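Each remark here refers to the structure printed beneath this line.
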Amino acid sequence: MTRNFIPEKQGLSVIIPIYKSEKIIPSLVERLAKSLERLEKNYEVIFVVDGSPDNSWQQVLTLQKEYHWLRGIHLSRNYGQHNALLRGIRTANFDKIVTMDDDLQHPPEEIHKLLTELKKGYDVVYGVPEKETHLAWRNFSSRFTKRLLNIALGVAGIEKSGAFRVFKTRLREGFADYSSSFVSVDVLLTWGTTNFGYVSVDHAPRAEGHSTYTFRKLITHTFNLMTGFSTLPLQLASWLGFGLTLFGLGVFLYVIIRYLLQGSPVPGFPFLASIISIFSGAQLFAIGIFGEYLSRMYFRLMGKPQSLVREEIGFSTEKE
130 MTRNFIPEKQ
140 GLSVIIPIYK
150 SEKIIPSLVE
160 RLAKSLERLE
170 KNYEVIFVVD
180 GSPDNSWQQV
190 LTLQKEYHWL
200 RGIHLSRNYG
210 QHNALLRGIR
220 TANFDKIVTM
230 DDDLQHPPEE
240 IHKLLTELKK
250 GYDVVYGVPE
260 KETHLAWRNF
270 SSRFTKRLLN
280 IALGVAGIEK
290 SGAFRVFKTR
300 LREGFADYSS
310 SFVSVDVLLT
320 WGTTNFGYVS
330 VDHAPRAEGH
340 STYTFRKLIT
350 HTFNLMTGFS
360 TLPLQLASWL
370 GFGLTLFGLG
380 VFLYVIIRYL
390 LQGSPVPGFP
400 FLASIISIFS
410 GAQLFAIGIF
420 GEYLSRMYFR
430 LMGKPQSLVR
440 EEIGFSTEKE
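Take 130 as the starting number for the sequence shown in this note's numbering and just add one per residue.
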């Protein structure tokens, strides 16, 4: 069933997922206030507290009393960054949306660069860091997985995507009916447009604490994207089966020819064990891929929610 969004008003909605950032939030809000008042007459900032175990929600409640444009959504548990973003996107009131991280690695003072580039006619503009401030392993793994996604999803330029982005709010109509619990905002945006722009922005060190985005989470997110939004893994399984079938025929011909020429079969248990292992591994690999697709269908049939809201603050009664 299609969601009926409230017609967007002229202005800017800034959506930020919050997780373990209680010490950063006051500084983040202060810098947002100084930046946004110079950019737009109408604006709002939506903090989506993603089941954070610290006092982040209490900080939002306190700051909302001082900043009327601050909105807060408290999710009932941790659903993940993209799920939290999607919840915020569906509650935005203005015709342009900016998304950014909560750790001040995306400086609020750089938002104007995204908006300036958006005015050139793009539907989506990504802020590309001039210099990465993450550890070397994360920079490399991030570039590698995004390049892999570019191949798997067939989305040009996705390797330049990131959490610091601005896009036209009307694009959310393109994924209004999307209900799977596996979410990628970058992929969902491609359902509504291919008109992407990119602009260089500063990338600051994390203001407090350390990132909870581990290598394991990065790999899991990439695998979820590939099996949730692409059929490439299934195609790989098919090609693997086809290739090994040819390999098996080659081995069979080798055995027949050797028998005809030398009058004896190919000796050796290691040879036989290796062939069996190769084919068994390929079968398990293919079954595993099919299982991943079936599990996503299973979760969709169960109706697992993308997110549930525990509490909201700062929204008018007119909001959906």
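Heads up, the beta-carbon is just placed ideally off N, CA and C, and yes, glycines get one too. Remember, it's a predicted structure, so these values are computed and weren't measured experimentally.
CB of residue i within 9 Å of CB of residue j, strictly
i      : j      : result
LYS225 : GLY303 : no
VAL295 : LEU361 : no
ILE154 : ASP231 : yes
VAL314 : HIS211 : yes
SER185 : SER156 : no
ARG301 : ILE218 : yes
ARG167 : ILE442 : no
ILE240 : LEU192 : no
LEU244 : ALA333 : no
PHE444 : THR220 : yes
Own chain partners of residue i with C-beta closer than 6 Å, once the 5 adjacent residues on each side are dropped
i      : result
VAL257 : LYS289, TYR327 and SER329
GLY392 : none
LEU317 : PHE304
MET431 : none
HIS480 : The structure shown does not extend to residue 480, since the chain spans only 130 to 449, so no value can be given for it.
Residue i, enclosing alpha helix (DSSP H) - first and last residue
i      : result
LEU204 : Here LEU204 belongs to no alpha helix (DSSP H); instead the beta strand (DSSP E) covers 199-204.
LYS163 : 154-165
SER445 : Segment: none, SER445 is in no alpha helix (DSSP H) and carries neither H nor E.
PRO258 : Element bounds for PRO258: not the alpha helix (DSSP H) but the beta strand (DSSP E), 253-258.
TYR388 : 361-391
TRP186 : 185-193
Terminal residues of the beta strand (DSSP E) in which residue i lies
i      : result
GLN234 : From DSSP, GLN234 is part of no beta strand (DSSP E); its letter is neither H nor E.
LEU141 : 138-147
THR228 : 223-228
TYR327 : 325-330
TYR172 : 172-178
Nonlocal neighbours in the same chain, by C-beta distance under 7 Å from residue i, ignoring five residues either side
i      : result
LEU437 : LEU204 and SER205
PHE428 : SER310
GLU169 : GLY140 and LEU141
Coil, strand or helix - residue i by DSSP
i      : result
VAL312 : coil
GLU421 : helix
ARG335 : coil
PHE293 : coil
GLU238 : helix
GLU246 : helix
GLU302 : helix
SER219 : Here the sequence assigns Arg to residue 219, which means Ser is not the residue at that position. Coil.
Residue i versus residue j: straight-line alpha-carbon distance, rounded
i      : j      : result
TYR383 : PHE371 : 18 Å
LYS242 : LYS433 : 38 Å
LEU373 : PHE408 : 7 Å
LEU215 : SER367 : 34 Å
THR131 : SER308 : Because the pLDDT at THR131 is just 45, under 50, the model does not fix this residue reliably, and the point stays unresolved.
LEU363 : LEU423 : 12 Å
LEU413 : ILE385 : 28 Å
ILE202 : GLY377 : 57 Å
ASN324 : VAL312 : 21 Å
ILE145 : PRO237 : 11 Å
LEU369 : GLY291 : 32 Å
MET355 : LYS152 : 35 Å
VAL178 : THR351 : 23 Å
GLU159 : MET229 : 15 Å
ARG439 : GLY180 : 9 Å
GLU259 : VAL189 : 31 Å
THR298 : ASN171 : 15 Å
ALA213 : ILE147 : 9 Å
HIS197 : ILE175 : 11 Å
ALA411 : ARG425 : 22 Å
GLN187 : ARG335 : 22 Å
ALA162 : GLY321 : 31 Å
THR349 : THR319 : 21 Å
ILE404 : TYR255 : 48 Å
LEU482 : ASP331 : What is shown of the chain runs 130 to 449, which leaves residue 482 out entirely.
PRO182 : GLY250 : 41 Å
Beta-carbon proximity list for residue i, same chain, < 8 Å, skipping 5 on both sides
i      : result
GLN435 : TYR208, ASN212, LEU215, ARG216, SER308, SER309, SER310 and VAL312
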